[in-house]
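For what it's worth, the numbering used here labels the leading residue of the sequence shown as 126, then goes sequentially. Here a beta-carbon is modelled for each residue, glycine too, at the ideal position from N, C-alpha and C. For reference, the structure is listed below as structure tokens.
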Amino acid sequence: MKLRDSQRSGQLVSRIVLLIVTSVLASSNVRITYAATVPPGFTDSPVAAGLSNPTAMALAPDGRIFVCEQGGTLRVIKNGVLLATPFLTVTVDSSGERGLLGVAFDPNFISNQLVYIYYTATTPTVHNRISHFTANGDVAMTGSETIVMDVDNLSTATNHNGGAIHFGLDGNLYVAVGDNANGSNSQSLSNRLGKVLRISSNGSIPTDNPFYNQTTGANRTIWALGLRNPFTFTFQPGIGRMFINDVGENTWEEIDDGIAGSNYGWPNCEGFCNPPNANFRDPIFAYVHDGQTCAITGGAFYNPQTVQFPSNYVGNYFFADLCAGWIKTLDPSMGNAVAGFATGISFPVDLKVSNDGFLYYLARGSGSVSRIGFPTDSTPPTVSISSPAGGSTVARKTNVTIAASADDNVGVARVEFLVNGNLQCTDVSAPYSCNWRVPSPPNKTYQIQARAFDQAGNSATAAIQVTSR
Ligand SMILES: [Ca+2]
Ligand SMILES: [Ca+2]
Ligand SMILES: [Ca+2]
Numbered sequence: 126m127k128l129r130d131s132q133r134s135g136q137l138v139s140r141i142v143l144l145i146v147t148s149v150l151a152s153s154n155v156r157i158t159y160a161a162t163v164p165p166g167f168t169d170s171p172v173a174a175g176l177s178n179p180t181a182m183a184l185a186p187d188g189r190i191f192v193c194e195q196g197g198t199l200r201v202i203k204n205g206v207l208l209a210t211p212f213l214t215v216t217v218d219s220s221g222e223r224g225l226l227g228v229a230f231d232p233n234f235i236s237n238q239l240v241y242i243y244y245t246a247t248t249p250t251v252h253n254r255i256s257h258f259t260a261n262g263d264v265a266m267t268g269s270e271t272i273v274m275d276v277d278n279l280s281t282a283t284n285h286n287g288g289a290i291h292f293g294l295d296g297n298l299y300v301a302v303g304d305n306a307n308g309s310n311s312q313s314l315s316n317r318l319g320k321v322l323r324i325s326s327n328g329s330i331p332t333d334n335p336f337y338n339q340t341t342g343a344n345r346t347i348w349a350l351g352l353r354n355p356f357t358f359t360f361q362p363g364i365g366r367m368f369i370n371d372v373g374e375n376t377w378e379e380i381d382d383g384i385a386g387s388n389y390g391w392p393n394c395e396g397f398c399n400p401p402n403a404n405f406r407d408p409i410f411a412y413v414h415d416g417q418t419c420a421i422t423g424g425a426f427y428n429p430q431t432v433q434f435p436s437n438y439v440g441n442y443f444f445a446d447l448c449a450g451w452i453k454t455l456d457p458s459m460g461n462a463v464a465g466f467a468t469g470i471s472f473p474v475d476l477k478v479s480n481d482g483f484l485y486y487l488a489r490g491s492g493s494v495s496r497i498g499f500p501t502d503s504t505p506p507t508v509s510i511s512s513p514a515g516g517s518t519v520a521r522k523t524n525v526t527i528a529a530s531a532d533d534n535v536g537v538a539r540v541e542f543l544v545n546g547n548l549q550c551t552d553v554s555a556p557y558s559c560n561w562r563v564p565s566p567p568n569k570t571y572q573i574q575a576r577a578f579d580q581a582g583n584s585a586t587a588a589i590q591v592t593s594r
């Protein structure tokens, strides 16, 4: 376990994801308050609290939220209430980063009611297991556990367990497994550690898996390798593109493009390989540890059925950093440009976008689920014309600069300039101005208008009159 200088700096700079958070929270006895900051026009609302060491969540098609607690209970949030009775309880080893770590709904959940989980089973030897259970309302049917896959037995190292499970558009279940704190596992096709695995919903192995003919037995489930601790990954709805968040060691946190047969380089490379190595797929984005950041989490594309956020967020990828407590966006259509989004979240571990366009986040530090929305903006901008002065005279046959200032609760989309009702210019960025050529007749009065719009289409207009001479 690599604590490095975390004690001296007083900040969490460890790469150890869950263990450190647990110990900090247990030892500080400080009630962490809820205080996320979101961009103008967005809202941040608590959904439910009272979760104990949550690790992952999934949104059911019916709107319920299922949340894994590390100690082995799968909880249900229904209509904003954390139900007292867990959906299920499994016996887990929850030491270090072990425990109940992943949950997914069968693609046919509405008809078959199957819920899949990933947890660290204790028998016969400690190992990670994927099982499915059959829902009967808000609880699992007694005796319905069906083991889908048992992953390799673990060493005494309790960290790097991965744990995310998601169904792809192909109907197969993808499973992210950590390297069990032994980097050599990641490069070996003789075990399933440090990998993404691909199995059918009943655990059988698709024969088109990329290493099927190079491997035997359970290792035929290997779909990608060279990962360290892929704690979270996700698929882009409707498109199926996979992004894997691989937690780095000392320097880099990675977002990897999930492509069959890829080798993501660990432990030979962390972040971008230097020098470049054609055998390894570099991340599409990596960020360096800055004293605040420690581990990438989250992972959700903004492609909801009903778009709520401004349209420029559609197709963006949200990701979080556990220790820095922020959420950022990556825009694949803009060269994977990254921008800040939310801050002040207490140890975010998972992100999801709901069908109705909210971004949900699971905050381990505060044991809560919250959601970020974008309510319809009905507040119009404000606008004024700063030059020329109202009632002034302007010289005919000269160029006059019309200048306006505009503001909005969310943001000004554009300012249109009109003279006697005719559009002269449109300016999309501040400072807002327009060049107007004053016609030649003297002693003419002109009405000049500046009309500001926000993204929702609300507008406001300022007007002055000037006279030519
Ligand atoms: Ca890598
Ligand atoms: Ca507005
Ligand atoms: Ca401008």
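Separation of the CB atoms of A160 and G423 is rounded to 18 Å, and the pair is thereby denied contact status at 8 Å. In this chain, the beta strand (DSSP E) harbouring I380 covers W377 to G383. The C-beta of M274 has 16 or more other C-beta atoms within 10 Å across all chains shown, which makes the residue buried. Membership of S530 in the beta strand (DSSP E) is indicated by the continuous run N524 to D532. A contact is defined here as three or more CB-CB pairs under 8 Å, and the segment 504-513 meets this definition with respect to the segment 529-544. Given a length threshold of 4 residues, each whole run of the alpha helix (DSSP H) inside the segment 199-246 is given here in chain order: 234-237. The alpha carbon of N237 has as its nearest neighbour, out of S326, Q430, S309 and S220, the alpha carbon of S326. If you compare the alpha carbons of N233, P506, V240 and R189 with that of G227, the shortest gap goes to V240. When secondary structure is reduced to three states using DSSP, S495 falls in the strand class. When the five nearest sequence neighbours on each side are left out, the beta carbons in the same chain lying within less than 7 Å of the beta carbon of T283 are those of S220, G221, E222 and R223, in order along the chain. The Cβ-Cβ distance between N547 and T526 does not fall below 7 Å. Around G319, the same chain offers D304, N310, S311 and L352 as residues with beta carbons nearer than 6 Å, after the five sequence neighbours per side are excluded. The shortest C-alpha to C-alpha distance from L322 to any of N307, G288 and G308 is the one to G288. When DSSP states are grouped into helix, strand and coil, M274 belongs to the strand group. Contact between the segment 424-438 and the segment 475-488 is present, with at least three C-beta pairs closer than 8 Å. Around the beta carbon of G383, 16 or more other beta carbons sit within 10 angstroms, so the residue counts as buried. The C-alpha of T332 lies about 21 Å from the C-alpha of P232.
Using a C-beta cut-off of 8 Å, the segment 358-366 makes no contact with the segment 336-344, since fewer than three inter-stretch Cβ pairs fall below that distance.
Every residue with a CB closer than 5 Å to a heavy atom of ligand 3 is listed here in chain order: D552 and S554.
Contact annotation: S503 and V591 have beta-carbon atoms that are not nearer than 7 Å.
Taking the C-beta atoms as reference points, V535 is found no nearer than 7 Å to Y571. N204 has its alpha-carbon roughly 8 Å from the corresponding atom of G188. Taking the Cα of T168 as reference, the smallest distance to any Cα among L298, T501 and S565 is reached at T501. Using a C-beta cut-off of 8 Å, the segment 189-202 makes contact with the segment 173-181, since at least three inter-stretch Cβ pairs fall below that distance. Shown in chain order are the residues whose CB sits closer than 7 Å to a heavy atom of ligand 2: D502, T504, P505, P506, D533, N534, V535, D579, A581 and N583. Our two residues, N253 and A488, have alpha carbons roughly 24 Å apart in a direct line.
Counting along the chain, the unbroken beta strand (DSSP E) around N560 starts and ends at Y557 to R562. Beta-bridge partners of V519 (DSSP): S593. In this structure, the C-beta of E374 stays at least 6 Å away from each heavy atom of ligand 1.
Not a single heavy atom of ligand 1 lies less than 6 Å from the C-beta of W348. Unbroken beta strand (DSSP E) runs of no fewer than 3 residues, entirely contained in the segment 382-462, are found at 410-413, 421-426, 442-446 and 452-456, following chain order. Contact check for G386 against C398 fails: the beta carbons are separated by 7 Å or more. Looking at the backbone, the Cα of N404 and that of M459 are separated by about 27 Å.
V439 is the residue among V439, A411 and T341 whose C-alpha sits nearest the C-alpha of Q361. If you check the CB distance, T431 and G498 do not come in under 7 Å.
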